[in-house]
Structures are given as structure tokens and as C-alpha cells.
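Asker: Heads up, this note's numbering is the position in the sequence shown plus 80, with the first residue counted as 1.
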Amino acid sequence: MHDDRSLVEARLERALGQCLRPAQYAKRVPLALSVWQVPGEPVPVDQALQASYEPFTAGTVWGKPWSTSWFRIEGRVPEEWAGRPVEVVIDPGFTGDGPGFQAEGLLYDAAGIPLKGIHPRNRHLTVGAPAKGGEAVHLLLEAAANPAVLHGFEPTRLGDVLTAGDQPIYRFAAADLAVLDEDVWHLVLDVEVLSELMYELDPQRPRRHEILRALENMLDALDLHDVSGTAAAARAELAEVLSRPASASAHRVSGTGHAHIDSAWLWPLRETVRKASRTFANVTALAADYPELVFACSQAQQYAWVEEHQPHIWERIKKAVEDGNWAPVGSMWVESDANMPGGEALARQIVHGKRFFREKLGVETEEIWLPDSFGYTAAFPQLAKLAGVRWFLTQKLSWNQSNKMPHHTFWWEGIDGTRVFTHFPPVDTYNSQFHGRELAHAERNFAEKGRATRSLVPFGWGDGGGGPTREMLERARRLRSLEGSPRVEVEKPSAFFTAAEEEYGVHAPVWSGELYLELHRATYTTQAKTKQGNRRSEHALREAELWCATAAVRDPSYTYPHDALDRLWKTVLLHQFHDILPGSSIAWVHREARETYAGVLAELAEITEEAVRALGSGSPAVLNASPYERTEVVGDGLVTVPGLGGATVRADGGAGMRADGGARVRADGGARVRAEQADGIIVLENDRLRVRIDRDGLLTSVRDLAHGREVLCGPGNLLQLHPDHPNAWDAWDIDRHYRRTHTDLTAAASVDLVESGPLRATVRVTRAFGSSRITQEIRLTAASRRLDIVTDVDWQESEKVLKAAFPLDVQAERSAAEIQFGHVHRPTHANTGWDAARFEICAHRWLRVAEESYGVAVVNDSTYGHDVTRTPHAGGLGTTVRLTLLRAPHSPDPETDLGTHRFTYALLPGAGVGDAVAEGLALNLPLRRASVPALEPLVSVDDPAVTVESVKLAEDRSGDVVVRLYESRGGRARAKVAASFPVARAEVTDLLERPLREAPSEIELRPFQILTLRLRPAR
81 MHDDRSLVEA RLERALGQCL RPAQYAKRVP LALSVWQVPG EPVPVDQALQ
131 ASYEPFTAGT VWGKPWSTSW FRIEGRVPEE WAGRPVEVVI DPGFTGDGPG
181 FQAEGLLYDA AGIPLKGIHP RNRHLTVGAP AKGGEAVHLL LEAAANPAVL
231 HGFEPTRLGD VLTAGDQPIY RFAAADLAVL DEDVWHLVLD VEVLSELMYE
281 LDPQRPRRHE ILRALENMLD ALDLHDVSGT AAAARAELAE VLSRPASASA
331 HRVSGTGHAH IDSAWLWPLR ETVRKASRTF ANVTALAADY PELVFACSQA
381 QQYAWVEEHQ PHIWERIKKA VEDGNWAPVG SMWVESDANM PGGEALARQI
431 VHGKRFFREK LGVETEEIWL PDSFGYTAAF PQLAKLAGVR WFLTQKLSWN
481 QSNKMPHHTF WWEGIDGTRV FTHFPPVDTY NSQFHGRELA HAERNFAEKG
531 RATRSLVPFG WGDGGGGPTR EMLERARRLR SLEGSPRVEV EKPSAFFTAA
581 EEEYGVHAPV WSGELYLELH RATYTTQAKT KQGNRRSEHA LREAELWCAT
631 AAVRDPSYTY PHDALDRLWK TVLLHQFHDI LPGSSIAWVH REARETYAGV
681 LAELAEITEE AVRALGSGSP AVLNASPYER TEVVGDGLVT VPGLGGATVR
731 ADGGAGMRAD GGARVRADGG ARVRAEQADG IIVLENDRLR VRIDRDGLLT
781 SVRDLAHGRE VLCGPGNLLQ LHPDHPNAWD AWDIDRHYRR THTDLTAAAS
831 VDLVESGPLR ATVRVTRAFG SSRITQEIRL TAASRRLDIV TDVDWQESEK
881 VLKAAFPLDV QAERSAAEIQ FGHVHRPTHA NTGWDAARFE ICAHRWLRVA
931 EESYGVAVVN DSTYGHDVTR TPHAGGLGTT VRLTLLRAPH SPDPETDLGT
981 HRFTYALLPG AGVGDAVAEG LALNLPLRRA SVPALEPLVS VDDPAVTVES
1031 VKLAEDRSGD VVVRLYESRG GRARAKVAAS FPVARAEVTD LLERPLREAP
1081 SEIELRPFQI LTLRLRPAR
């Protein structure tokens, strides 16, 4: 036989595109339109029902960027269409962009009841199936003129309503009543499923040729001038090849409906409220026609929005959950970033998510669902297990630039040794449409072939929402058992995970440590003020809860602010979403985030001050929200303050003492700092450090007096400016080639000694470069082993990245970076591709490098991005630690990070891990001055390796005190937890404060183990 495949395939594609798809609607009549242009922000439907509408015709432009227009759509079904399926079909001006990245809308009936969302791949609303003829159509369309922002990563002003302009950006194409020709519609789906499968099959396989000839016979049976009249006969030609069952060894796909909805990204938060409503309306409507549908939906925050703003849709969701069509998943408040949220914040993501799903929907979620976050902390497995979570899902690691993950189904082992069963869908998307190429890729790509037989495929339009469509469900029906294709079963994720674990759990490999994404490394740095707002808010919440709990236990008349703290926590958790905290959203999102964080911090300041007032009046005192005792300069003296407690100070601030009346530490007792200046060289010295600063303001020497060694092997605090032009994904990426060029910012406009002791010594250095200016105060205080660098920047650069380098005379094989509830080690070398790919890494409050008996840490108050490299020097091999301070990408926010910034980082010589932990907390939790009696800590532990993470009252409002702590040094610990109040009962609980067992009198912790205790005060 002659090979005419290409001819038949070309014939098929033309017929499908030019004749079959256009024939799916047999008849059309236009509907009447009128419009109300909302003058400002979106309004509820009740207001739209009362508005005055003006006549509007199809073909007219509408919608300035980010505006809302309400369209009245009216008409009547022609009598002659009785017995035919009739739909409203709407095109408000859809472009070539996908769903969620352009105009979209929500249809309401005449009474204001939401019906269904409208997007480019889901334009219809069923009027009758079949119609009776003569039905009146009265609809309202809430149309959002959302602009397409991301095109080739070019700078655009469309990302903020304040700069987007006021010219209409859409032209309303059509609003019609139409007859759906079901034979043609089904024929199109038959052809698409078979042809897509055919193209994926090896040309040598008979099955490919059988499908080709069946499609050729279909074309012969089809009259292209009478598609409607011959569609049934054409379908008959395909029946046999569609009926052939899948082989017994076919890969098994668990398909679950999905609509990844970014809680903010290329649209503001307020638009996500509407995106969720549109998508959820679509899904609940689809379930009525396809009872097999299962829709997996994460992010409790989006449910809460819909419950608040769209009660009708909320009731439909609850019914869908009861009916089994809807599967709440994810166990988190939002799909957060999984690198930068603090330990307690990540715990609260899970606590608030699981609690919402349990209390509102009666569902105990069992999985973490993070398909799109930019890497995953090694703290997750333990947190998951402590919350009763069994499984973990992600997909993002398929984006790795360099190395392919070797597993798709595996056990993920965290830093404490906890393991969680994990799946990474080999389909490499969370927005599948059940295309043949997707399923074929899933089967070919699946790393566990021979040991396991199944994988998960999330299907539905996503990122900007949309969800599954009827076409996807029809494809799934045809693919349930089709020769040559994987078997497709639409089911809940829990069904997949249960079957996969039963099949493969015993044999599954183990991945230990973080799941590092080899891409989007700049998200540790971009939008510095968003990151700073998060860090400040996390610590302000920690401090507020501590003093509120202390006040509530000490003073029965004080009312613990449960509601306010709950609301503020949820606000912070929302802004940890994986396109807000990482800095990858439009300008509007980050402008609002800055305003929101300012409001959060102001309210927390008031809450904390009220709690401190409730502690009683007394002498001037200093409160310490860190769990570690610390001695610091306060006013004109030194004060030693116990962890989680307070110390009184003399009225003149001249000295301090321990809260228990113990030893005083005085300014005249030898704890001094001295400063000398000669020939342009400044030397700062206390009893711990001697610091030498040259005439350019660089650290030329930092001498650790306690250990008798030099810390630096090159100029320290060297600011370096690099060009920053990633290949793509401007806000997200810092590509390796940035390192090839840099400028050392060595020239100083001024270097001034501004404080010279006896308690503080400060050198102020000012530099100007490009269009920017930076002022740094290098500070050393009495009795401190920490050299602080307080930095003010007026940043006006374009596509640059600013780093601060510390070449350390430490030969370190690896670095230790703080993560949630512990730290992670990473090699300082680039021996393997996996090592080399980690050229930018994330650390929380500290990063430490060390030899066998000596280490140096760099601590910070709001920086996450770092790099660590090996540095040969004349005396041997050192290690350079750099903090990534600021960037200036142009997309999606064209003015990213421009403006003024203030932040602090510090050098900590001679630091063990425990020192880094304590000083990182001290820098981020400044001492608080107050007038209270001597304040004994509410709780304390007697082993410094055990770090108290949070102290609060129980969420159930019982008045119980909840203490979360963990082993922070990477070893074993044994400690007694003491309370300064009578305790009637002490229990160990899970992450959600549910009792597990009675707490022992002495706790024993394994490396990095987290423990939550619930203490019931005796009443």
C-alpha cells in the first residue's frame, strides 16, 4: 500500500478546522444588549439590578482596563427551535489569550442568582436541552475588562489601575441564541480524541493505521456542505475504533478536575474573588450534566471569599461536596510560597486551612496540594504529618532548568526524618485538557514504570481559573478504555493516592531534603518591601500572641483578642501566596501589599501595647519576645533580659538587672566599646571583636578576640552590582550568567565616625552609584559579638542586582541555612549538576558556614536570597557569603523595588548554630520598653537547643496555653518545660491543638523535632 498518511491527515485537519468545528451551532439569532459601565470598583449584583442601562450593540468597544461593565442580555427562543438544545453563546471580545488572562464574566438570572462563568473556552449557557420554544431570556453579564499583562515580559503600565489608562480594550463580538447540533459536537470530539491518539502512536503500530483509515472513512461519509445532515453517519464510521478497549498493561490515569486560581498574580486580589466565583459556578453547573465529575479544589481563602460574596454558589459547593463531585484538597489557607514563610506561619497555613475545611465542609483533608510553588522546604514532611496529612503533590519541579527529578512517586523525607508519600504528576501540567499528547507524555515520562502503573492528571483551565469543561469530560468518557491510550478514570485525588500507596508504597524510593526548584531563584529577593512586610508581620504576630497570652493568664479581666489575631493571621497568610510573597505579581498587588502590611503592623502594635498595659504598671522595664536570654544596650546602660520575659531597669536607664533580682550589668563594669580614628582608618573594638574600616568604608579586618583569629579573607561588606537580564521570567529568575559581570562599589562619598562609645560605636558610610544612593551604619555595641550593618538605600537602578559580600576565612564544605523549624545544609562546591544549580539559595534569619570547630554566621532582618562560594586566597581556601539585597526587573511590575529601603544585616563571628538561632531571633525581635512589674516568663525550657516558636492561647477559646517548640541545632535534646502558672493538665497535641497524649515531665526531642504542648491552667 502506498503511504498516503500525510495526505489523509491534511484532509482531516482542514475539514475539522473549516467545516466541523464551525458547524457545531446550527442556527443563531442575536440577543438584545444594554450596558451599565460601573464608574469605579466592582459592585454586588444587587446594585447592578438597580442601575440604569443604555442600549448597546455588538461590535461596540467597551471596558477600560480593570473596569467592570454589566450587560443586560434579552431575547426569546424561536418557536421553531422547540425540541432542539438551545444555548446562549457569548463573546465579549475574546482574544487569543487563554482563559483567565483576558475578558471574562459571570452570568446571573433576572433575579440576580449567579448561574455560570464565561471565558474563551466556555462561552455557553444552556437555555433548554431540549428547549420548548418561546422561552424568554433575561440575563445579566458581569463583564470584567481584565487586560492581558504578560506578553514577552515587556514592560507595561497595564499592571496597575492607577497607570493602565482609560481607553477601551475590548470590542463586544456577539451574544446569540444558538442551536447546538449535538451530532456535530460529538463528532468533533470523536475526531479530536482519535486523531490526537493517532499522532502519538508509533507509525509502525497497526493501531495508528486503523485509526487513520477509520478517520478517512469518516471523511468519505461526511458531506462538507451538509455537515449536520451527515454527522451521524460519519460518527458511525468511528464507532468500532472507539470501542476497542485499552490493553491490560496500559498506564492508569486518575483524572481530577482542577482550576489552579492564583490568589493574585496578573490581577489584583479583588479580581480573584470574582475569578473563584466564576470558576466555582462553572464547576457546580457542570456537575449537573456530568455526575462523574470530581473537582479538586484547594485554598481555603478562596472558599471563604465565595462564602462571603456569593452565598448561592457557596450552597452549591456544599451540595457538590456532599454528592462527591467536589473534593476539597490542599489543607492550607492558600497555595503559599514554600520557601520564605516562617515556621509558625507555615504551620498556621495548614492549621487554618484544615480547620476551615473541617468546620465548614465536614472534610478532613489529607494532602498538601502545591502544584505551582517555587520549591519546597524540607520542613514540610513533618508539618504535614503533625497535621494528619498523608500525601503531598506538586508539579512545578518539571520546570527545572538543569536536572530532571528522578522520581514521580516517592517518599519525601524531611530534615527530621519524617516521610510523606509524594506524587509529582508526569503529565507535567496542572492544566491538562486530556489531549492525546498530554496523556502520551504522562505515560512515556513516568519514571516508575515496571514498579507502578498509575499517575494523577489534574485537568481544567487554570492559573487564571476556568476549570474543567464539558469537552474535557467527554474526552474522559472516550478515554476510559481506549486501545493505544492510557486508561482514564475521573476520581478523587484521595482515591489515586490510596491506590498508588497500596501499589508502590513499600517499593517507592526516598528523596531526602528540600525540593529545590532550579528556576525562579530571584523570587527570594524581588519586591523587597513585600518580603520585609511579611517578615515584620510574622514576628509582630509572634510577639503579640506572647504578651496577649501572658496578660490573659496573669489578669482574668483581660480579654484575649482571638478574633483580631485570627483575622490578622489570615491576612498575612493570604499575602504568602506564591505570587505575592515571591514578588512575581503586577504592581497593583504589591502596592496594596505594602499598604496592607502597614495596617497589619499598626494594628498589632496596638494589640501588643494593650496587652502590655494589662500586665500592670511598674518600674521602667524591657520585654524580650525571643525565647533566649539576651544582654543588650538599652538607653544608657546594658540590660539582661530573660527569654519570653522582662527585666526592670533603673529610672535613668543607667543599668539593668535580671527579672529575678540577679546580677546587674553596668556600663562602667568593663563592658565597653571603643573607637579610634587615624589616617583615615577607623577601628571599633569591644571585648569580643576588633573591627577595622578603611577610608572607603570597607571592612578590612574583623578580629574575633575570643577565638584569636581573623574572620575575613578579603574586603567585607563589599557591595557588588551586577547586570540582571534573565532569559525570561524577569521578576522570577536570576540566571547564572549574571555572575560573569559585576562592579565593586568601593568608592565612598563619605566615611564618618558618628558614635565612639562607651556603649555604642557607629561608622556611617555613604556611597553613590548610578542613580542610587546608599547609606550604611556599621554598628558595634558593648558586650555584643554581632556587627550590625543598618542600610538605607534610595534604589533607582534598572535591571541590576545588588549584593553584599563577606569573604570569610573559613574553609566550609557546606553552608547551613535556617529554614522553618531547623536548618538545611547545602554544598559550597559545584561538583555535580545538582550542586551547581543551587547558585542562589534561600535562608531565613541566618546563614552559617563553618570548619570543624569554628563558624561564622550572617544574620538579617528581611533578606532571603543568598549565594555561597568557595574563595581561594593567599592563605588558603575561604568561603564567601553574599546577601542578595535588591533587584530591579521590569516585568510584570515595570518599577519593581524603585524607591527607598531600610534593612539590617549583621556579621556574627565565632557562631555556633545555637548562636545563629539566638541572634537571628534577637535581630528580628527587638527589645520592647515598657513600664511593668518584673515579669517572669510564662513558659521556659532548660535546654538551649530547644527553641520556643510560639506561645498563645488555644484556638478553641478554652483559655489553655499552647506552646510550640522544636529542637533547633540538629541533635538530640532533653528539656523540662516550666510554666510560671499552676498547670492542671499538660498534653502533647497535633498541629491543630488536638490532644494526642499526656505530656511527660521531661520532653525528649530528636533532631529538628517539633512538639506542640497544651497547658491547662489550674482554675
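The beta-carbon is built from N, C-alpha and C at its ideal position, and this holds for glycine as well. Computed from a predicted structure; not experimentally measured.
1. Starting from cysteine 628, trace the beta strand (DSSP E) both ways and give me its first and last residue.
2. In three-state terms, what does DSSP make of proline 1097?
3. By Cβ distance, which residues of its chain are closer than 7 Å to serine 411, with the 5 residues on each side in sequence left out?
4. Below 7 Å between beta carbons: does that hold for tryptophan 142 and proline 248?
5. Per DSSP, what are the beta-bridge partners of asparagine 202 in this structure?
6. Which residues in the same chain as glycine 545 place their Cβ atom closer than 6 Å to its Cβ, once the five residues preceding and following it in sequence are excluded?
7. Going residue by residue through the stretch 519-595, where are the continuous alpha helix (DSSP H) segments of at least 4 residues, counting only ones entirely within it?
8. Whose C-alpha, out of Ile170, Val590, Glu598, is nearest the C-alpha of lysine 484?
9. Determine the DSSP secondary structure at alanine 427, reduced to helix, strand or coil.
10. In the DSSP assignment, what are the bridge partners of alanine 896?
11. Let me make sure I understand the geometry here. Which of Arg91, Pro907, Phe657 has the alpha-carbon closest to that of threonine 379?
12. Buried or exposed for valine 409, please, with buried defined as at least 16 other CB atoms from any protein chain shown within 10 angstroms of its CB.
13. Decide if proline 1080 is buried, meaning its Cβ has at least 16 other Cβ atoms within 10 Å, or exposed.
14. Which one of Gln612, Ile666, Glu623, Pro700 has the shortest CA to CA distance from tyrosine 677?
15. Going by DSSP, which residues form a beta bridge with glycine 958?
16. Mind checking isoleucine 1090: buried by the 16 CB within 10 Å criterion, or exposed?
17. With a CB to CB cut of under 8 Å and the five nearest residues on each side skipped, what residues in its chain are close to glycine 733?
18. For leucine 220, collect the residues of the same chain with a Cβ closer than 8 Å to its Cβ; drop the 5 residues on either side in sequence, then sort them by chain order.
19. Can you name, in chain order, every residue of its own chain whose Cβ lies under 6 Å from the Cβ of glycine 741, other than the five neighbours on each side?
20. Along the chain, which unbroken stretches of the alpha helix (DSSP H) at least 4 residues long are found entirely within the stretch 101-170?
21. Applying the criterion that 16 or more other CB atoms from any shown protein chain within 10 Å of the CB defines a buried residue, is aspartate 748 buried or exposed?
22. I'd like to know if the stretch 942-962 and the stretch 906-914 are in contact, where contact means that at least 3 CB-CB pairs between them fall below 8 Å.
23. Can you tell me whether proline 1075 is helix, strand or coil according to DSSP?
24. Among Met420, Leu366, Ala90, Thr826, whose alpha-carbon lies nearest the alpha-carbon of glutamate 296?
25. Considering Cα atoms alone, identify which of Ala937, Tyr944, Val169, Glu931 is closest to histidine 924.
26. Assuming arginine 647 is part of the alpha helix (DSSP H), what are its boundary residues?
27. Do you know offhand how far isoleucine 170's Cα is from phenylalanine 849's?
28. Quick check on DSSP: helix, strand or coil for alanine 739?
29. Under 6 Å Cβ to Cβ from threonine 630, same chain only, skipping five residues before and after it: list those, please.
30. Is the number of C-beta pairs between the stretch 772-784 and the stretch 822-830 that are closer than 8 Å three or more?
31. In three-state DSSP terms, what is alanine 364?
32. So, are the CB atoms of tryptophan 569 and alanine 532 less than 7 Å apart?
33. Where does alanine 739 land, buried or exposed, given buried means 16+ other C-beta within 10 angstroms?
34. Under 7 Å between the Cβ atoms of glutamate 262 and threonine 206?
35. Have a look at alanine 425 and glycine 698 and give me their C-alpha separation to the nearest angstrom.
36. Please confirm if the stretch 265-281 is in contact with the stretch 1007-1014, defined as three or more CB-CB distances below 8 Å between the two stretches.
Answerer: Looking at the atomic coordinates:
1. Judged by DSSP secondary structure, cysteine 628 falls outside any beta strand (DSSP E) and instead within the alpha helix (DSSP H) spanning 608-634.
2. Of the three classes helix, strand and coil, the one that applies to proline 1097 here is strand, per DSSP.
3. Taken in chain order, the residues that qualify are Ile430, Gly433, Lys434, Thr445, Glu447, Ile448, Ala467, Val469.
4. In this structure, proline 248 lies closer than 7 Å to tryptophan 142 by Cβ.
5. Asparagine 202 is bridged to His199.
6. Only Gly180, Ala339, Ile341, Lys355, Thr359 meet the Cβ criterion.
7. List check, alpha helix (DSSP H) in window: 550-558, 573-584.
8. Relative to lysine 484, the option among Ile170, Val590, Glu598 whose CA is nearest is Glu598.
9. DSSP places alanine 427 in helix when its eight states are reduced to three.
10. Beta-bridge analysis with DSSP links alanine 896 to His905, Arg928.
11. Inspection of the sequence shows that residue 379 is occupied by glutamine rather than by threonine. The residue among Arg91, Pro907, Phe657 with its C-alpha nearest the C-alpha of glutamine 379 is Phe657.
12. By the neighbour-count criterion, in which a residue is buried when 16 or more other Cβ atoms sit within 10 angstroms of its Cβ, valine 409 is buried.
13. Exposed.
14. Answer by Cα proximity: Gln612.
15. In the DSSP secondary-structure assignment, glycine 958 is bridged to Thr951.
16. So isoleucine 1090 ends up on the buried side.
17. At glycine 733, the pLDDT of 41 sits below 50, so the modelled position is not reliable and the matter cannot be decided from this model.
18. So the list reads Val125, Ala128, Leu129, Trp150, Phe151, Arg152, Ile153, Leu187, Tyr188, Asp189, Ala190, Gly192, once near-sequence residues are dropped.
19. Its pLDDT being 35, under 50, glycine 741 is placed unreliably by the model, and nothing is read from it.
20. DSSP runs (the alpha helix (DSSP H)) wholly in the stretch 101-170: 125-129.
21. Because aspartate 748 sits at a pLDDT of 42, beneath the cut-off of 50, its placement in the model cannot be relied upon, and the following sentence gives the value as read from the coordinates. Aspartate 748 is exposed by the Cβ-count criterion.
22. Yes, the stretch 942-962 is in contact with the stretch 906-914.
23. Looking at proline 1075 - three-state DSSP - the assignment turns out to be strand.
24. Ranking Met420, Leu366, Ala90, Thr826 by Cα distance to glutamate 296 puts Ala90 first.
25. Of Ala937, Tyr944, Val169, Glu931, the residue nearest in Cα terms is Tyr944.
26. Per DSSP, arginine 647 belongs to the alpha helix (DSSP H) from 642-654.
27. Distance between isoleucine 170 and phenylalanine 849, taken at the CA atoms: about 55 Å.
28. Only weak support is given to the placement of alanine 739: the predicted model assigns it a pLDDT of 34, under 50, and the question is left unresolved by the model.
29. Closer than 6 Å at Cβ, skipping near neighbours: Leu1018.
30. The stretch 772-784 makes contact with the stretch 822-830: 3 or more CB pairs, one atom from each, lie closer than 8 Å.
31. Sequence inspection shows threonine at residue 364; the alanine mentioned does not correspond to that position. The answer is helix: DSSP assigns threonine 364 an H, G or I state.
32. For the record, residue 569 in the displayed sequence is glutamate; it is not tryptophan. Inclusion of glutamate 569 and alanine 532 in the CB contact set at 7 Å is not warranted, their separation being larger than that value.
33. The pLDDT assigned to alanine 739 is 34, lower than 50, so where the model puts this residue is not dependable, and the model offers no usable value.
34. It is not a contact, given that the beta carbons lie outside the stated cut-off.
35. Computed Cα separation, rounded: 34 Å.
36. Result no; under three Cβ-Cβ pairs closer than 8 Å.
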